[in-house]
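Peer 1: Mind having a look at this structure? Questions to follow.
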Amino acid sequence: MVYDNGLRLFVKGYNEKLHLIVEAIVEGMVSVGATLCECLLTTYLEMQGESYLKLLKCPSQLATDILARVLGENPWATIDQYKSLKDITMEDLKVFAQKLPQEMYIKALVQGNYTEESVHKVISSVLSLLKCEPIKDHRLVENRIVKLPQHRPVFCYDTACLHTTTTTITNFYQIEANSLRVEAILDLLNTLFNSPDLYLKKLGEEINGWVHVKNGIVGYTLTVNLKETFEEDRAKQMQNEIEVFRCKVCMIPMQMEAKCFASWVDDLLHWGLAPALTLLDEVAENFREIIGGDYIFGRRQKKADVLRTLTKSDVIRFLFDTDWRELSIHVIGHQPSDTVDEEEDDVEDEGEDEDEYEYEEEDDVKEEGEDEDEYEYEEEDDVEEEDDVEYEVEYEHELEVMNSAIAEFRSGLEIYPKRSVEPCAEGN
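Numbering (full-length UniProt numbering) for the sequence shown: 1 to 428.
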């Protein structure tokens with residue numbers, strides 16, 4: 001899969017066959033250009049286009065896409081990737097397939113019942129098959145995170161799909177360079193932010209919070225997904241309500257007694273820092289940290305050790321001495337069409353005669369059989385195609401506004417220095 005400026009190859013299986021699967025896939029990467037044809041290209045383009053559209057039509061996914069672009073985690077907008085599909089030719093794909101293995105920067109993670117000698121053999125086999133050289137321009141494999149300003153910037157856009165009425169409000173709080181101590185405190189707060197008893201009582205809406213670590217910079221995200229359409233002023237009000245909720249939650253540790261604080265930490269030690277349920281979960285977590293330059297060997301145990309040393313004063317000092325730089329993203333749903341309601345009212349006013357006609361019409365439709373069913377499927381396909389065309393036309397202006405706003409916002413911002421990608425004991 002495409003993953004952080006590159007490709008991620010994930011293979012699982014029995015030890016005896018694992019190296020054969022890896023070698024077969026690598027050989028396929030080298031020779032894939034010879035197997036391409038127009039039929040495959042058309043299918044791949046359609047599938048990828050549908051994947052991009054599905055992501056963009058979801059308000060929460062669009063908000064995530066905007067956040068990644070603003071911070072610099074993703075240099076390309078999903079909508080730009082979708083539009084670029086139209087220009088890809090068979091010749092382009094073959095040239096790319098030929099150049100892909102020529103320069104590569106490879107990171108590998110092997111976990112499970114595998115000896116160190118076997119691991120080295122597999123990696124050596126991969127390198128000998130690829131015959132790749134190091135990437136000359138290291139900027140191609142680096143994502144640099146911008147440092148958000150002190151004021152509270154807001155990016156507000158309509159959702160990409162005209163038929164979507166849901167709204168997403170996301171408040172992102174950038175904190176500082178990551179460390180085990182900061183992560184441990186944020187993990188504690190995360191249990192409060194995601195407590196239904198708190199957010200329903202203090203906010204009145206369901207809220208999702210999570211720790212956000214990327215390229216050595218840590219932050220915290222609070223998101224509210226609303227089923228109804230919001231006006232821009234109401235979205236701004238919800239943004240402020242989320243911030244008030246955050247401040248109220250941050251006051252809770254101050255009010256805790258020593259026994260309550262100790263129980264709070266103990267609960268996180270038992271549940272939040274428990275070992276991964278499966279090897280696959282552990283691999284995914286470790287690999288994500290390795291790619292982001294945040295990997296620490298034995299992270300869970302080291303974080304647990306830090307948690308045991310935390311005091312109530314440590315948490316309070318962090319909460320009120322830390323500069324929480326806020327960025328808010330509003331993706332607002334469209335107003336539902338009034339046409340449907342008007343048509344339903346007209347149908348109800350027509351009375352019993354219309355009802356009798358509808359029953360007769362339903363009987364006729366049932367008698368038409370499979371031909372009618374085929375027509376309905378064709379009609380649904382036509383509607384989906386019309387929706388995609390309508391989406392492109394309506395979103396064109398919104399795209400231009402979004403791209404220019406993000407570029408202008410990022411232009412004068414400080415960029416965090418590149419972090420070391422080598423593991424260390426205390427945190428990168």
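Idealized CB from N, CA, C, for every residue including glycine.
Since the structure is predicted, the reported quantities are computational estimates derived from the model, not experimental observations.
Excluding the 5 residues preceding and the 5 following residue 515 in the sequence, name in chain order all residues of the same chain whose CB lies nearer than 8 Å to its CB.
Peer 2: An answer regarding residue 515 cannot be provided, because it is not within the stretch 1 to 428 covered by the chain.
Peer 1: Can you tell me whether residue 440 is helix, strand or coil according to DSSP?
Peer 2: Limits of the chain in this structure are 1 at one end and 428 at the other, which puts residue 440 out of reach.
Peer 1: Report yes or no: do the region 53–63 and the region 124–139 share at least 3 C-beta pairs separated by less than 8 Å?
Peer 2: They do not touch, by the three-pair rule.
Peer 1: Does the region 209–229 come close enough to the region 171–179 that 3 or more CB-CB pairs lie under 8 Å?
Peer 2: Yes: the two stretches touch, three or more of their Cβ pairs being nearer than 8 Å.
Peer 1: For Glu133, which beta-bridge partners are listed by DSSP?
Peer 2: Stepping through the sequence shown from its first residue, residue 133 is reached at position 133. DSSP, once it has assigned bridges, lists Glu103 as partnering Glu133.
Peer 1: Where does Lys57 sit, in a helix, a strand or coil, going by DSSP?
Peer 2: As a working mapping, residue 57 is identified with position 57 in the sequence shown. Here Lys57 sits in coil by DSSP.
Peer 1: Phe193 and Gly209 look like a contact to me (Cβ under 8 Å); what is the Cβ gap, rounded to whole Å?
Peer 2: For the purposes of this step, residue 193 is taken as residue 193 along the sequence shown, with counting starting at 1. For the purposes of this step, residue 209 is taken as residue 209 along the sequence shown, with counting starting at 1. Right, the Cβ-Cβ distance comes to about 4 Å (below 8 Å), so this counts as a contact.
Peer 1: Report the residue ranges of all beta strand (DSSP E) runs contained in full by the region 3–76; include only those spanning at least 3 residues, in chain order.
Peer 2: Listed in chain order, nothing qualifies, since the region 3–76 has no complete beta strand (DSSP E) run of 3 or more residues.
Peer 1: Exposed or buried, what is Gln239 when buried is set at 16 or more other beta-carbons lying within 10 Å of its beta-carbon?
Peer 2: Locating residue 239 in the sequence shown gives position 239, counting from the first residue. Buried.
Peer 1: Using DSSP with H/G/I as helix, E/B as strand and the rest coil, what is Phe164?
Peer 2: In the sequence shown, residue 164 corresponds to position 164, counting from 1. According to the sequence displayed, residue 164 carries Thr and not Phe. It is coil, neither helix nor strand.
Peer 1: Could you give the residue range of the alpha helix (DSSP H) that holds Ile290?
Peer 2: Locating residue 290 in the sequence shown gives position 290, counting from the first residue. Looking at the DSSP string, the run of the alpha helix (DSSP H) that includes Ile290 is 279–292.
Peer 1: Leaving out five residues on either side along the sequence, give the residues of the same chain with a beta carbon under 8 Å from the beta carbon of Ile21.
Peer 2: By one-based count along the sequence shown, residue 21 stands at place 21. Correct list, in chain order: Val11, Gly13.
Peer 1: Could you tell me which residues DSSP pairs with Lys83 in its beta bridges?
Peer 2: Start at 1 with the first residue of the sequence shown, and residue 83 comes out as number 83. Its beta-bridge partners do not exist; DSSP assigns none.
Peer 1: Measuring CB atoms only, is the region 241–248 touching the region 258–271, in the sense that at least three cross pairs come out at less than 8 Å?
Peer 2: As far as the Cβ criterion goes, the region 241–248 does not touch the region 258–271, which means the pair count is below three.
Peer 1: Confirm, please, whether the CB-CB distance from Lys303 to Leu180 is below 7 Å.
Peer 2: For this step, residue 180 is matched to residue 180 along the sequence shown. For this step, residue 303 is matched to residue 303 along the sequence shown. Cβ distance < 7 Å, so Leu180 and Lys303 count as in contact.
Peer 1: Under the assumption that Ala160 contacts Leu56 (Cβ atoms under 8 Å), give the Cβ distance between them as a whole number of angstroms.
Peer 2: If you number the sequence shown from 1, residue 160 lands on position 160. If you number the sequence shown from 1, residue 56 lands on position 56. Correct: roughly 5 Å between the Cβ atoms.
Peer 1: So, is Ser328 buried or exposed, given that buried needs 16 or more other C-beta atoms within 10 angstroms?
Peer 2: Here residue 328 refers to the residue found at position 328 when the sequence shown is read from its first residue. Buried, because 16 or more other Cβ atoms sit within 10 Å of the Cβ of Ser328.
Peer 1: With 16 other CB atoms within 10 Å as the buried threshold, where does Lys214 fall?
Peer 2: Position 214 of the sequence shown, counted from the first residue, corresponds to residue 214. Label assigned to Lys214: buried.
Peer 1: Taking Gly292 as the reference, which of Glu73, Lys312, Pro336, Ser313 has the closest Cα?
Peer 2: What you label residue 292 is simply residue 292 of the sequence shown in a count that begins at 1. The candidate whose alpha carbon is nearest that of Gly292 is Glu73.
Peer 1: Does the separation of the CB atoms of Gln98 and Gly33 fall below 7 Å?
Peer 2: Along the sequence shown, read from residue 1 onward, the residue named residue 98 stands at position 98. Along the sequence shown, read from residue 1 onward, the residue named residue 33 stands at position 33. Cβ distance < 7 Å, so Gln98 and Gly33 count as in contact.
Peer 1: For a quick check, are the C-beta atoms of Leu226 and Thr167 less than 7 Å apart?
Peer 2: Residue 226 sits at position 226 when you count from the first residue of the sequence shown. Residue 167 sits at position 167 when you count from the first residue of the sequence shown. Yes, these two residues count as a Cβ contact at 7 Å.
Peer 1: For the region 150–157 against the region 270–282, do three or more pairs of beta-carbon atoms, one drawn from each stretch, fall closer than 8 Å, so that the two count as touching?
Peer 2: At 8 Å Cβ cutoff, the stretches do not touch.
Peer 1: Which whole-angstrom value describes the C-beta separation of Arg325 and Leu148, a residue pair presumed to lie in contact below a C-beta threshold of 8 Å?
Peer 2: Within the sequence shown, residue 325 is the residue found at index 325, counting from 1. Within the sequence shown, residue 148 is the residue found at index 148, counting from 1. So it is a contact: roughly 4 Å between Cβ atoms.
Peer 1: If we count the other Cβ atoms within 10 Å of its Cβ and call it buried at 16 or more, is Thr89 buried or exposed?
Peer 2: Start at 1 with the first residue of the sequence shown, and residue 89 comes out as number 89. Counting Cβ neighbours within 10 Å, Thr89 comes out exposed, since fewer than 16 surround it.
Peer 1: Taking the straight line between their C-alpha atoms, what separation do you get for Leu7 and Thr35?
Peer 2: Numbered from its first residue, the sequence shown carries residue 7 at position 7. Numbered from its first residue, the sequence shown carries residue 35 at position 35. Going from the Cα of Leu7 to the Cα of Thr35 covers about 19 Å.
Peer 1: Closest to Leu307 by C-alpha separation, out of Val211, Ala184, His212, Tyr114, would be which residue?
Peer 2: On the sequence shown, position 307 is the one that residue 307 refers to. With distances taken between Cα atoms, Leu307 lies closest to Ala184.
Peer 1: Considering only the alpha carbon of each residue, which of His334, Gly412, Lys121, Asn113 lies closest to Leu279?
Peer 2: Locating residue 279 in the sequence shown gives position 279, where the first residue counts as 1. Per the Cα distances, Asn113.
Peer 1: Which residue's Cα is closest to the Cα of Pro134: Leu186, His120, Leu100, Asn143?
Peer 2: Working through the sequence shown from its first residue, we reach residue 134 at position 134. Here the closest residue by C-alpha is Leu100.
Peer 1: Candidates Ile145, Ile106, Ser118, Gln102: which alpha carbon is nearest residue 434's?
Peer 2: There is no way to answer for residue 434, as the model of the chain reaches only from 1 to 428.
Peer 1: So is Phe318 buried or exposed if we call it buried at 16+ other beta carbons inside 10 Å?
Peer 2: The residue given as residue 318 occupies position 318 in the sequence shown. It counts as buried.
Peer 1: Report all residues from its chain with a CB closer than 7 Å to the CB of Leu41; omit the five preceding and five following residues, and keep chain order.
Peer 2: Sequence index remark: in the sequence shown, residue 41 carries index 41 (1-based). Correct list, in chain order: Met90, Leu93.
Peer 1: What did DSSP end up calling residue 498 once you bin it into helix, strand or coil?
Peer 2: Residue 498 cannot be examined here, being either before or after the span of the chain that is shown, 1 to 428.
Peer 1: Does the Cβ of Pro275 have 16 or more other Cβ atoms within 10 Å, making it buried, or fewer, making it exposed?
Peer 2: Start at 1 with the first residue of the sequence shown, and residue 275 comes out as number 275. With fewer than 16 other Cβ atoms within 10 Å, it is exposed.
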